[in-house]
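Using our numbering, you'd call the opening residue of the sequence shown number 288 and step up by one each time. Here a beta-carbon is modelled for each residue, glycine too, at the ideal position from N, C-alpha and C.
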Amino acid sequence: MVIRVLEQFVEAKSNDRVCEDIIVITDDFAAVIDGASDATGARFEGMSGGRLAAEVIAASIEDLPSDIDARSFTDTLSSALAAAVGELPPDTRWPVAVLTCTSAERREVWRIGDCRVVIGQLEQPSTFLIENAASRFRAAVNAALLAKGTSIEEILELDPGSQARRILTDNQQHLANRVGPWGYGCINGNQVPSEYIEVFSLPDEPTEVILASDGYTVVMPTLSETEAALARLIRDDPAAIGDLWPIGKSTKPGSNAPDDRAYLRLVVE
288 MVIRVLEQFV EAKSNDRVCE DIIVITDDFA AVIDGASDAT GARFEGMSGG
338 RLAAEVIAAS IEDLPSDIDA RSFTDTLSSA LAAAVGELPP DTRWPVAVLT
388 CTSAERREVW RIGDCRVVIG QLEQPSTFLI ENAASRFRAA VNAALLAKGT
438 SIEEILELDP GSQARRILTD NQQHLANRVG PWGYGCINGN QVPSEYIEVF
488 SLPDEPTEVI LASDGYTVVM PTLSETEAAL ARLIRDDPAA IGDLWPIGKS
538 TKPGSNAPDD RAYLRLVVE
């Protein structure tokens with residue numbers, strides 16, 4: 288079993304920040320890791336929590352045995368992050384990342400969190416209800432303010448909808464890796480319930496797979512098509528209150544996109 292990379296791309300949403308998305312490729316695995324942004328500005332070893340989590344996960348994947356299964360894979364990454372972070376004060380925002388990974392040996396794709404997965408021509412939908420709720424609320428607040436007369440410039444610069452949802456984003460981490468209607472899976476140093484470890488089996492024949500972070504709301508068969516689709520959405524909906532609402536952020540002045548993004552297209556032969 289061989290992983291053959293066709294296209295890969297990673298870019299930060301703006302040039303003045305370190306990208307929290309990482310692609311890692313080994314002989315046995317290919318993964319897209321999406322570190323979670325933290326509005327509190329907490330730093331760990333000089334890095335944001337999202338970047339630290341992504342780097343720890345990437346380094347761990349490079350050392351994994353080729354035949355590891357999805358459960359052991361997830362536990363290994365969680366333990367590595369817990370060891371890297373150590374004890375934190377109760378109110379600290381935990382370093383967090385989500386990811387999707389292809390295993391050549393097992394001919395499987397694994398997902399923890401809300402990354403994008405396309406196998407063949409079929410996208411595997413994500414049911415990340417907490418982010419869906421937060422992004423819809425944010426978009427509704429901004430749409431209401433625009434209708435009230437708030438300028439689009441103010442919406443893009445301040446994103447008041449994001450400020451309005453802070454009560455959720457500030458407390459959301461307490462639902463991480465908890466089974467329940469609003470629970471969700473992520474790598475945060477705690478054990479991930481099996482319910483949040485998604486496993487997609489690949490056919491025996493050579494199969495094309497696309498892995499992407501949620502910086503893309505539309506994933507197309509090629510990188511150029513995917514980038515073009517994102518550019519159209521940003522042009523038509525920079526405040527992310529229409530078709531771009533799932534991304535949950537406006538495109539701030541000086542930024543090239545609302546969020547960091549990573550795209551990886553490969554064939555498992």
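Nearest-angstrom Cα distance between Arg398 and Asn464? Here residue 398 is taken as the residue at index 111 of the sequence shown, counted from 1. Here residue 464 is taken as the residue at index 177 of the sequence shown, counted from 1. One C-alpha to the other measures close to 14 angstroms.
Comparing C-alpha positions only, which one of Leu455, Ala317, Ala526 and Ile534 sits nearest to Arg548? Within the sequence shown, numbered from 1, the residue matching residue 548 stands at position 261. Nearest to Arg548 by alpha-carbon distance, out of Leu455, Ala317, Ala526 and Ile534, is Ile534.
Flag Pro468 as yes when its Cβ comes closer than 6 angstroms to any non-hydrogen atom of the ligand COA, and as no otherwise. The model depicted lacks the ligand COA and carries no ligand whatsoever.
Going by CA-CA distance only, name the one from Gly400, Lys539, Leu364 and Leu520 that's closest to Glu440. In the sequence shown, the residue the question calls residue 440 occupies position 153. Of the listed residues, the one whose Cα sits closest to Glu440 is Lys539.
First through last residue of the beta strand (DSSP E) which encompasses Phe316: Numbered from 1 along the sequence shown, position 29 holds the residue referred to as residue 316. Per DSSP, Phe316 belongs to the beta strand (DSSP E) from Phe316 to Gly322.
Can you tell me which of the three DSSP states Glu374 falls into? Counting from one through the sequence shown, the residue named residue 374 turns up at place 87. Of the three classes helix, strand and coil, the one that applies to Glu374 here is coil, per DSSP.
Taking Ala387 as the reference, which of Leu339, Phe487 and Gly529 has the closest Cα? In the sequence shown, residue 387 corresponds to position 100, counting from 1. Inspection of the sequence shows that residue 387 is occupied by Thr rather than by Ala. Nearest of Leu339, Phe487 and Gly529 to Thr387, Cα basis: Phe487.
If the criterion is Cβ atoms closer than 7 angstroms, does the pair Val405 and Val506 meet it? Residue numbering aside, residue 405 sits at position 118 when the sequence shown is read from its first letter. Residue numbering aside, residue 506 sits at position 219 when the sequence shown is read from its first letter. Yes, they are a contact pair.
If Phe296 sits next to Tyr550, beta carbons under 8 angstroms apart, how far is it from one beta carbon to the other, in whole angstroms? Residue numbering aside, residue 296 sits at position 9 when the sequence shown is read from its first letter. Residue numbering aside, residue 550 sits at position 263 when the sequence shown is read from its first letter. Contact flag correct, Cβ pair sits at about 5 angstroms.
Distance check for Thr313 and Ser447, CA to CA, integer angstroms please. As a first step, residue 447 is located in the sequence shown; it is residue number 160 there, counting from the start. As a first step, residue 313 is located in the sequence shown; it is residue number 26 there, counting from the start. With the sequence shown as reference, residue 447 is identified as Pro, and Ser is not the correct amino acid for it. Roughly 42 angstroms separates the two Cα atoms.
Do Glu392 and Asp321 have their C-beta atoms within less than 7 angstroms of each other? In the sequence shown, residue 392 corresponds to position 105, counting from 1. In the sequence shown, residue 321 corresponds to position 34, counting from 1. Going by C-beta atoms, Glu392 is not nearer than 7 angstroms to Asp321.
Other residues of its chain near Ala345: CB distance less than 7 angstroms, five sequence neighbours each side excluded: Counting from 1 along the sequence shown, the entry for residue 345 is found at position 58. Cβ within range, chain order: Ile309, Val311 and Ile320.
My understanding is that Arg452 touches Ala421, with C-beta atoms under 8 angstroms, so please give their C-beta distance in whole angstroms. Within the sequence shown, residue 452 is the residue found at index 165, counting from 1. Within the sequence shown, residue 421 is the residue found at index 134, counting from 1. The pair is a contact, with the Cβ atoms about 5 angstroms apart (cut-off 8 angstroms).
Val396: first and last residue of the uninterrupted beta strand (DSSP E) it sits in: Counting from 1 along the sequence shown, the entry for residue 396 is found at position 109. Note, Val396: beta strand (DSSP E), Glu395 to Ile399.
Using C-beta distances below 7 angstroms, list every residue in its chain close to Ala624, excluding the 5 sequence neighbours before and after it, in chain order. What is shown of the chain runs 288 to 556, which leaves residue 624 out entirely.
Check the C-beta distance from Leu368 over to Ile474 and give it rounded, since I have them as a contact under 8 angstroms. Taking the first residue of the sequence shown as 1, we reach residue 368 at position 81. Taking the first residue of the sequence shown as 1, we reach residue 474 at position 187. Here Leu368 really is in contact with Ile474; their C-beta atoms are around 6 angstroms apart, less than 8 angstroms.
Those runs of the alpha helix (DSSP H) which lie wholly inside the segment 404-472 and span at least 4 residues: 416-435, 439-445, 447-451 and 453-456
Nearest-angstrom Cα distance between Leu517 and Thr504? The residue you call residue 517 lines up with position 230 of the sequence shown. The residue you call residue 504 lines up with position 217 of the sequence shown. Leu517 and Thr504: Cα-Cα distance of roughly 7 angstroms.
Please state the DSSP three-state secondary structure of Asp523. To locate residue 523, count along the sequence shown from 1; it is residue 236. In this structure, Asp523 counts as helix in the three-state DSSP scheme.
I'd like to check one pair, Phe331 with Pro382: are the Cβ atoms closer than 7 angstroms? As a working mapping, residue 382 is identified with position 95 in the sequence shown. As a working mapping, residue 331 is identified with position 44 in the sequence shown. For Pro382 and Phe331, yes; Cβs fall inside 7 angstroms.
Should Ser537 and Lys300 be called a contact, given that it needs their Cβ atoms to be closer than 7 angstroms? Here residue 537 corresponds to residue number 250 of the sequence shown, with the count starting at 1. Here residue 300 corresponds to residue number 13 of the sequence shown, with the count starting at 1. Contact flag unset, no.
Between the CA atoms of Leu433 and Gly472 - distance to the nearest angstrom: Within the sequence shown, numbered from 1, the residue matching residue 472 stands at position 185. Within the sequence shown, numbered from 1, the residue matching residue 433 stands at position 146. The straight-line gap from Cα to Cα measures roughly 34 angstroms.
Report buried or exposed for Ala340, applying the criterion of at least 16 other Cβ atoms within 10 angstroms of its Cβ. Residue 340 sits at position 53 when you count from the first residue of the sequence shown. Around the beta-carbon of Ala340, 16 or more other beta-carbon atoms lie within 10 Å, marking it buried.
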